[in-house]
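Quick note on the working numbering: the sequence shown kicks off at 126 and runs consecutively.
Every residue, glycine too, gets a C-beta built ideally from N, C-alpha and C.
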Amino acid sequence: MRRKNRQVTDWKEIKEIVGRCKVARLGMNDDGKVYVVPMNYGCETEDGGRLTFYFHCAREGRKMDVLKKNPQVCLELDGKHELMEAEVPCGYSYYFESLIGNGRVEMLSEPEEKVRALRIIMKQQTGKDFCEFHANAVQAVCVLKVELTDYEVKRNMP
Numbered sequence: 126m127r128r129k130n131r132q133v134t135d136w137k138e139i140k141e142i143v144g145r146c147k148v149a150r151l152g153m154n155d156d157g158k159v160y161v162v163p164m165n166y167g168c169e170t171e172d173g174g175r176l177t178f179y180f181h182c183a184r185e186g187r188k189m190d191v192l193k194k195n196p197q198v199c200l201e202l203d204g205k206h207e208l209m210e211a212e213v214p215c216g217y218s219y220y221f222e223s224l225i226g227n228g229r230v231e232m233l234s235e236p237e238e239k240v241r242a243l244r245i246i247m248k249q250q251t252g253k254d255f256c257e258f259h260a261n262a263v264q265a266v267c268v269l270k271v272e273l274t275d276y277e278v279k280r281n282m283p
């Protein structure tokens, strides 16, 4: 990271940033072409800095075809956007907070694992704890798990 003064290393702050965001962009390699998909997510945070992201999606489509060939992904999320005005055009900047990380997608198959992940996603997105998921819906949905192997968190705030 070039701007070390913007790096966020405090675990509490990292968890807050991840918790505030609602959309992550999942970057994939589609035979040498970059393919990026915005997705809602849920994130599980564990002491020691471990971040595990969960996504739900259809079982078929370009994203799934790409991930089956190459499960390595880059994940990006950002938030708290605000324009920082200045007197001259090149003095303008932007306030933000962001995370960029790398990991490997795992497609969950066990119903119990999928339900646990779906609960995490729903909690992140709605703030509510959901207990019941219809078995047919759980069977039909694809749930992706990405444990980040490395990541950097950055913030530019007033």
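Helix, strand or coil: how does DSSP classify residue i here?
{"i": "Asn182", "result": "Sequence inspection shows Cys at residue 182; the Asn mentioned does not correspond to that position. Correct three-state label for Cys182: strand."}
{"i": "Gly173", "result": "coil"}
{"i": "Cys298", "result": "Lying before the first or after the last residue shown, residue 298 is absent from the chain, which here runs from 126 to 283."}
{"i": "Pro116", "result": "Only positions 126 to 283 of the chain appear in this structure, which leaves residue 116 out of reach."}
{"i": "Asn261", "result": "helix"}
{"i": "Arg127", "result": "coil"}
{"i": "Lys194", "result": "helix"}
{"i": "Glu207", "result": "strand"}
Check the C-beta distance from residue i over to residue j and give it rounded, since I have them as a contact under 8 Å.
{"i": "Leu176", "j": "Cys168", "result": "6 Å"}
{"i": "Met189", "j": "Cys267", "result": "7 Å"}
{"i": "Thr170", "j": "Lys147", "result": "Contact doesn't hold; Cβ gap of about 16 Å is too wide."}
{"i": "Asp203", "j": "Ser223", "result": "4 Å"}
Residues in the same chain with beta-carbon distance under 6 Å from residue i, minus the five sequence neighbours each way, listed in chain order, please.
{"i": "His206", "result": "Phe221"}
{"i": "Ser218", "result": "Met209"}
Can you name, in chain order, every residue of its own chain whose Cβ lies under 7 Å from the Cβ of residue i, other than the five neighbours on each side?
{"i": "Gly228", "result": "Val198, Leu200, Val271, Glu272, Leu273, Thr274"}
{"i": "Leu233", "result": "Lys239, Ala242, Val268, Lys270"}
Looking only at its own chain, which residues have a Cβ that is under 8 Å from the Cβ of residue i, when we skip the five neighbours before and after it?
{"i": "Arg187", "result": "Asp155, Tyr160"}
{"i": "Asp172", "result": "Trp136"}
{"i": "Arg131", "result": "Lys279, Arg280, Asn281"}
Of the residues the options, which one's Cα is nearest the Cα of residue i?
{"i": "His259", "options": "Thr251, Glu277, Glu237, Lys248", "result": "Glu237"}
{"i": "Leu192", "options": "Met282, Ile245, Leu269", "result": "Leu269"}
{"i": "Tyr179", "options": "Glu212, Glu231, Glu141", "result": "Glu231"}
{"i": "Asn165", "options": "Asn281, Arg280, Lys248", "result": "Lys248"}
{"i": "Lys284", "options": "Gly226, Gly157, Gly144, Val278", "result": "There is no way to answer for residue 284, as the model of the chain reaches only from 126 to 283."}
{"i": "Thr251", "options": "Gly152, Leu151, Pro283, Arg145", "result": "Arg145"}
{"i": "Ile246", "options": "Val143, Gly152, Val162", "result": "Val143"}
Can you name the residues that DSSP bridges to residue i?
{"i": "Leu224", "result": "Leu202, Val278"}
{"i": "Lys158", "result": "Asp155"}
{"i": "Cys267", "result": "Cys182"}
So is the beta-carbon of residue i under 8 Å away from any non-hydrogen atom of the ligand ADP?
{"i": "Val159", "result": "No copy of the ligand ADP appears in this structure; indeed no ligand is present at all."}
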